[in-house]
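Novice: Numbering (our numbering), first residue to last: 8 to 324.
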């Protein structure tokens, strides 16, 4: 996951909440004639910003990362949280004797939640070296550097022990990958026979993923998605040698989580007039990204699906 850097003077801190409300209401706040970082008279002076708790990884200096974690809770950069992970994996009956891959681990919130909920050893893999370093630091601070490890990877060099894992988990991470074929192949090969795969991802609802709504969304993302359809994804996983047992549209739940988190965040930020340095443009960028995702989900051309499959014995293919 790559988070874009933005100029610190993009928007006045003074007008931050108005700009947020305007964007969320689907129109732009007019450009400011001048930048004024002084708080309005009579407003509270309490600073609003992420608390790093002695974290030292380079990524923590990025306001965008600070804002993302503030919205989605410690260790997370997207909707969900510990309870959502627990709900998703409940049918898998995972336990402490198992080994799990968390693909697209981000800051490792899902990785640590998987371990904490199951006792299993979890290996998290994240494509951004900076975010992987920050995630590994969080696991270290939690005393889970071995049981919930996070490491950076290059897809072509990703080395997973063949037939070495009981389950693969991936939460809204694959849609940004261009070479999905290699990713799915690596994940399939690392699973033992009867191993389970559970992914949630943004997918086109129809085979033709080239609608106007999708095009606008692709252009708006900080990392341009490479969108597959549900049909293509299901067929590819099946052709590898997994029985796809569940494909469920979980868009309503994801949409609800996005709106609730953004609403809570904007309410919290309105109560404080002094923001951490660089937070103005970072907040705007984060809100815009999620507003655009809600918009494309509302179009019906894209949905978030939960896909569950189980690897069968290759000799039976």
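We treat Cβ as the ideally placed atom computed from N, Cα and C, and that holds for glycine.
With a cut-off of 8 Å on the beta carbons, I'd call residue 111 and residue 154 a contact; round off their distance for me.
Specialist: Contact flag wrong, Cβ pair sits at about 19 Å.
Novice: Residues in the same chain with beta-carbon distance under 8 Å from residue 152, minus the five sequence neighbours each way, listed in chain order, please.
Specialist: Same-chain partners within the cutoff: 143, 146.
Novice: Cβ of residue 86 within 9 Å of Cβ of residue 264?
Specialist: Contact flag set, yes.
Novice: List the whole-angstrom C-beta distance separating residue 157 from residue 88, where the pair is believed to meet the contact cut-off of C-beta under 8 Å.
Specialist: Contact doesn't hold; Cβ gap of about 17 Å is too wide.
Novice: Report the three-state DSSP secondary structure of residue 205 (helix, strand or coil).
Specialist: Residue 205: strand per DSSP, three-state reduction.
Novice: DSSP puts residue 131 in a beta bridge; with which residues?
Specialist: In the DSSP output, where bridge partners are listed per residue, residue 131 has 109, 157.
Novice: Exposed or buried, what is residue 34 when buried is set at 16 or more other beta-carbons lying within 10 Å of its beta-carbon?
Specialist: Because residue 34 carries a pLDDT of 39, less than 50, the predicted location of this residue cannot be relied on, and the following value inherits that uncertainty. When all chains shown are included, residue 34 counts as exposed.
Novice: For residue 252, name the three-state secondary structure that DSSP assigns.
Specialist: Three-state result, residue 252: strand.
Novice: Spell out the partners DSSP gives residue 177 in its beta bridges.
Specialist: Answer is 206.
Novice: Name the DSSP beta bridge partners of residue 172, please?
Specialist: Beta-bridge pairing links residue 172 to 198.
Novice: Pick out whichever of 183, 212, 244, 104 has its Cα sitting closest to the Cα of residue 135.
Specialist: Residue 135 has its Cα closest to that of 183, out of 183, 212, 244, 104.
Novice: Decide if residue 192 is buried, meaning its Cβ has at least 16 other Cβ atoms within 10 Å, or exposed.
Specialist: Its Cβ having fewer than 16 others within 10 Å, residue 192 is exposed.
Novice: Decide yes or no for the touch test of the region 205-220 against the region 120-132: beta carbon pairs closer than 8 Å, at least 3 of them.
Specialist: The region 205-220, when compared against the region 120-132, does not touch it at the 8 Å Cβ threshold.
Novice: Return yes when the Cβ of residue 190 is within less than 9 Å of the Cβ of residue 108, no when it is not.
Specialist: No; because the gap between Cβ atoms is not below 9 Å, this pair is not in contact.
Novice: Can you tell me whether residue 97 is helix, strand or coil according to DSSP?
Specialist: In the structure shown, residue 97 sits in a helix (DSSP, three-state: H, G or I).
Novice: Please confirm whether residue 214 and residue 245 have their CB atoms less than 9 Å apart.
Specialist: No, these two residues do not count as a Cβ contact at 9 Å.
Novice: Does DSSP classify residue 318 as helix, strand or coil?
Specialist: Looking at residue 318 - three-state DSSP - the assignment turns out to be strand.
Novice: In terms of DSSP beta bridges, what is residue 312 paired with?
Specialist: The partner list for residue 312 (beta bridge, DSSP) reads 208, 256.
Novice: Under the three-state reduction of DSSP, which class applies to residue 104: helix, strand or coil?
Specialist: Correct three-state label for residue 104: coil.
Novice: Going by beta-carbon coordinates alone, are residue 305 and residue 211 separated by less than 9 Å?
Specialist: No, the Cβ-Cβ distance between residue 305 and residue 211 is not below 9 Å.
Novice: I need the DSSP call for residue 245, collapsed to helix, strand or coil.
Specialist: Of the three classes helix, strand and coil, the one that applies to residue 245 here is helix, per DSSP.
Novice: In this structure, does DSSP put residue 236 in helix, strand or coil?
Specialist: Three-state DSSP puts residue 236 in a strand.
Novice: Determine the DSSP secondary structure at residue 89, reduced to helix, strand or coil.
Specialist: Residue 89 falls in the helix class under three-state DSSP.
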